[in-house]
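> The structure follows.
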């Protein structure tokens, strides 16, 4: 049995996700990768550029807040990246850091502390400008690569079902405000979970 020919299945709205469970990470011996992540808006949500800029502020660029704190000031992390990915129903915002044995808790505290600072005060004008310029350059570079341009077009338009263009993305990035980033940081901080993957002794 089943629906008659030509009938369409009823649309079933997804159930809301339950509250995020927060547990202290268990740190292994040796080098490990720690990922701090949270939900973010889904594809097509106008708030998405705020989360992209927030990721850039904690990314691997020498101008990022996380780079300056982890590498320049504390010497705790030398391999890290932050990014935000959109999916149909929701997105995922993440920071990934490689940590040596004994440094994991301090690294997590640094990331959480930077997010808390951004949530309270937002980025400075200089930091906001640097993050947005980095994203603009990345967008322009991606459009020059045919394979990356095709991939971005397929993903961001949801296979041609939603409007998107590099020009629109650039305009949205330039329009991001410090208040928008602060709101994104508050949402990420409230939903943040930590996952650790052991890697064994670093060679």
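Numbering (full-length UniProt numbering), first residue to last: 1 to 203.
Just so it is clear, CB atoms sit at the ideal spot from N, CA and C, and this is done for glycine as well.
Would you kindly report the start and end of the unbroken alpha helix (DSSP H) that includes residue 137?
Numbered from 1 along the chain shown, position 137 holds the residue referred to as residue 137. Its alpha helix (DSSP H) spans residues 125-144.
> Kindly give me the distance between the Cβ atoms of residue 179 and residue 113, rounded to whole angstroms, as I take these residues to be in contact under 8 Å.
As a working mapping, residue 179 is identified with position 179 in the chain shown. As a working mapping, residue 113 is identified with position 113 in the chain shown. About 20 Å; that fails the 8 Å criterion.
> Bridge partners of residue 197, per DSSP?
Looking up residue 197 in the chain shown gives position 197. Paired residues: 33.
> Considering residue 186, what are the terminal residues of the alpha helix (DSSP H) in which it resides?
Translated into the one-based positions of the chain shown, residue 186 becomes position 186. Residue 186 -> alpha helix (DSSP H) spans 178-191.
> Where do the N-terminal and C-terminal ends of the alpha helix (DSSP H) with residue 52 fall, by residue?
Here the question's residue 52 lines up with position 52 in the chain shown. Counting along the chain, the alpha helix (DSSP H) containing residue 52 begins and ends at 48-57.
> When the Cα of residue 197 is compared with those of 126, 141, 33, 132, which residue comes out closest?
Counting from one through the chain shown, the residue named residue 197 turns up at place 197. Ranking the options by Cα distance to residue 197, first place goes to 33.
> Helix, strand or coil: which one does DSSP assign to residue 96?
Taking the first residue of the chain shown as position 1, residue 96 is located at position 96. Three-state DSSP puts residue 96 in a strand.
> What is the DSSP secondary structure of residue 104, counted as helix, strand or coil?
If you number the chain shown from 1, residue 104 lands on position 104. Reduced to three states, the DSSP call for residue 104 is helix.
> Quick check on this structure: which residue in 172, 108, 98 has the alpha carbon closest to the alpha carbon of residue 132?
Position 132 of the chain shown, counted from the first residue, corresponds to residue 132. The residue with the shortest Cα to Cα distance from residue 132 is 172.
> In this structure, how does DSSP classify residue 91 when only helix, strand and coil are distinguished?
Start at 1 with the first residue of the chain shown, and residue 91 comes out as number 91. Correct three-state label for residue 91: strand.
> Terminal residues of the continuous alpha helix (DSSP H) containing residue 167?
For this step, residue 167 is matched to residue 167 along the chain shown. Residue 167 -> alpha helix (DSSP H) spans 166-174.
> Identify whether residue 73 lies in helix, strand or coil by the three-state DSSP scheme.
Within the chain shown, the letter at position 73 stands for residue 73. The answer is helix: DSSP assigns residue 73 an H, G or I state.
> According to DSSP, is residue 116 helix, strand or coil?
Here residue 116 refers to the residue found at position 116 when the chain shown is read from its first residue. Three-state result, residue 116: helix.
> In the DSSP output, which residue or residues are listed as bridge partners for residue 40?
To locate residue 40, count along the chain shown from 1; it is residue 40. The partner list for residue 40 (beta bridge, DSSP) reads 91.
> Alpha carbon to alpha carbon, how far is residue 78 from residue 148? Give it in angstroms, no decimals.
Counting from one through the chain shown, the residue named residue 148 turns up at place 148. Counting from one through the chain shown, the residue named residue 78 turns up at place 78. Rounded to the nearest angstrom, the two C-alpha atoms are 27 Å apart.
> Quick check: residue 42 and residue 92, are their CB atoms within less than 8 Å of each other?
Within the chain shown, numbered from 1, the residue matching residue 42 stands at position 42. Within the chain shown, numbered from 1, the residue matching residue 92 stands at position 92. For residue 42 and residue 92, no; Cβs fall outside 8 Å.
> Kindly give me the distance between the Cβ atoms of residue 35 and residue 195, rounded to whole angstroms, as I take these residues to be in contact under 8 Å.
Sequence index remark: in the chain shown, residue 35 carries index 35 (1-based). Sequence index remark: in the chain shown, residue 195 carries index 195 (1-based). The pair is a contact, with the Cβ atoms about 5 Å apart (cut-off 8 Å).
> Can you give the beta carbon distance from residue 176 to residue 95, rounded, assuming they're within the 8 Å contact cut?
Residue mapping note: residue 176 aligns to position 176 of the chain shown, counting from 1. Residue mapping note: residue 95 aligns to position 95 of the chain shown, counting from 1. No, residue 176 and residue 95 are not in contact; Cβ-Cβ is about 19 Å, not under 8 Å.
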